[in-house]
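Q: Quick one: the structure is below, and I'll ask about it shortly.
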Amino acid sequence: MSEPIVIAVPKGRILEEALPLLARAGVVPEPAFGDEKSRALRFRTDREGIELIRVRAFDVATFVAHGAAQLGIVGSDVLAEFDYAELYAPVDLNIGHCRLSVAEPVDMAAGDDPRGWSHVRVATKYPHVTAQHFARRGVQAECIKLNGAMELAPTLGLASRIVDLVSSGRTLKENGLVEVERLMDVSARLIVNRAAMKTRAHVFPLVEAFRAAVAA
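Counting along the sequence shown from 1, when you hit position 67 you're at 67 in this note's numbering, and nothing is skipped either side.
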C-alpha cells in the first residue's frame, strides 16, 4: 500500500473506551500513543499501512469528510451537528454513551415547564442541532456558540440555558444546573469517507473487523 489508511480517533473519554475495540479489530497503536507527555498526533500501529491520528472530537468528522483520514471514531452528536454528506457511519460502536440535553439553573427549573417555551437563549457547542430541535417544536432559539465552560453561561448572564452533553449529571449539579429536556441519545460511531470506501480496497475489511469487534 503506497498510502497508509489513516484512522482518526478523538482525545478524551471516548478514546479510553475505543482502545479495546481497536485491539479487537486488530489495530494496536505503537507504545508512544500511550505516553501522556508526548505531543505527537500521528502514530504507527502494529498493522503495516494503518496509522492513527489523535485529534479533537469535533475535528474527527472534518478530517474524514475531507479525505485526510479514511476512517474515524466520533460521537453521533458530532455527526448530527455537521451532517457531512461525505461521511458514512456503518457501525454503532456501543461506547461513549451519554445524551445531549438542555439544562438551566435549579431555581429557574423549579417553576419552569419546557412545553410552554416560545423563545429560548442557549449557550452551546451544537447550534445546528439545537436550532433544529427547537424549530421542530415551534420554539425560536437564539444560540450562542461556545466551545467549552458551558456551565458558566447562566451564572454570568450570557444565556439562561445551555445545551450540552450529559453523562452522570455531576458537572451540572456542581454548577447549580439541572437537566430539563433531552435532545438526543449519543453513542460513538465508526465513520468512513464514502469515496475511500469505494476506492481503497483495505477499508471495507477494516469496517467488517470493527463490526465483528463490537459483536464480540
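Built from N, CA and C at the ideal position, the CB exists for glycine as well.
All values derive from a computational prediction rather than experimental measurement.
(1) My output table needs one value for P229: the three-state DSSP class, helix, strand or coil.
(2) In chain order, what residues of the same chain have a beta carbon less than 7 Å from the beta carbon of G148, not counting five sequence neighbours either side?
(3) Which first and last residues belong to the beta strand (DSSP E) in which M184 is found?
(4) Can you pull the DSSP bridge partners for H133?
(5) Check whether the Cβ atoms of R47 and A213 lie closer than 8 Å to each other.
(6) Tell me, which residues are paired with E142 by DSSP?
(7) Run the CB neighbour count on D145, radius 10 Å, all protein chains shown included, and call it buried at 16 or more, exposed below.
(8) Which whole-angstrom value describes the C-beta separation of I73 and V60, a residue pair presumed to lie in contact below a C-beta threshold of 8 Å?
(9) For the beta strand (DSSP E) holding V91, just list the boundary residues, first then last.
(10) Mapping DSSP to helix, strand and coil, what is R235?
(11) With DSSP collapsed to three states, give me the class of S101.
(12) Taking the alpha-carbon of P105 as reference, which of P29, K11, A153 has the nearest alpha-carbon?
(13) Counting beta carbon pairs with one atom in the segment 115 to 131 and one in the segment 158 to 165, are three or more of them shorter than 8 Å?
(14) Hey, does M184 have any beta-carbon neighbour from chain B nearer than 8 Å?
(15) Around the Cβ of L41, are there at least 16 other Cβ atoms within 10 angstroms (buried) or fewer (exposed)?
A: Taking the definition as stated:
(1) Residue 229 falls outside the range modelled here, since the chain spans only 1 to 216, and no answer is possible.
(2) As a first step, residue 148 must be located in the sequence shown, where it is residue number 148. Within the same chain, G148 has no close Cβ partners at all.
(3) Counting from one through the sequence shown, the residue named residue 184 turns up at place 184. Per DSSP, M184 belongs to the beta strand (DSSP E) from 177 to 186.
(4) In the sequence shown, the residue the question calls residue 133 occupies position 133. Beta-bridge pairing links H133 to no other residue.
(5) Residue 47 sits at position 47 when you count from the first residue of the sequence shown. Residue 213 sits at position 213 when you count from the first residue of the sequence shown. Cβ atoms of R47 and A213: not closer than 8 Å.
(6) Against the sequence shown, residue 142 aligns to sequence position 142. Beta-bridge pairing links E142 to R121.
(7) Taking the first residue of the sequence shown as position 1, residue 145 is located at position 145. It is worth fixing the name first, because residue 145 is Lys in this sequence and not Asp. Under this definition K145 is an exposed residue.
(8) Here residue 73 refers to the residue found at position 73 of the sequence shown. Here residue 60 refers to the residue found at position 60 of the sequence shown. Right, the Cβ-Cβ distance comes to about 7 Å (below 8 Å), so this counts as a contact.
(9) Position 91 of the sequence shown, counted from the start, is the residue given in the question as residue 91. Its beta strand (DSSP E) spans residues 87 to 92.
(10) Past the edges of the chain, shown from 1 to 216, lies residue 235, and the structure says nothing about it.
(11) Within the sequence shown, the letter at position 101 stands for residue 101. Of the three classes helix, strand and coil, the one that applies to S101 here is strand, per DSSP.
(12) Sequence index remark: in the sequence shown, residue 105 carries index 105 (1-based). For P105, the nearest C-alpha among the options comes from A153.
(13) yes
(14) Considering every chain present, this structure includes no chain B. It has just one protein chain.
(15) Within the sequence shown, numbered from 1, the residue matching residue 41 stands at position 41. Exposed, by the Cβ-count rule.
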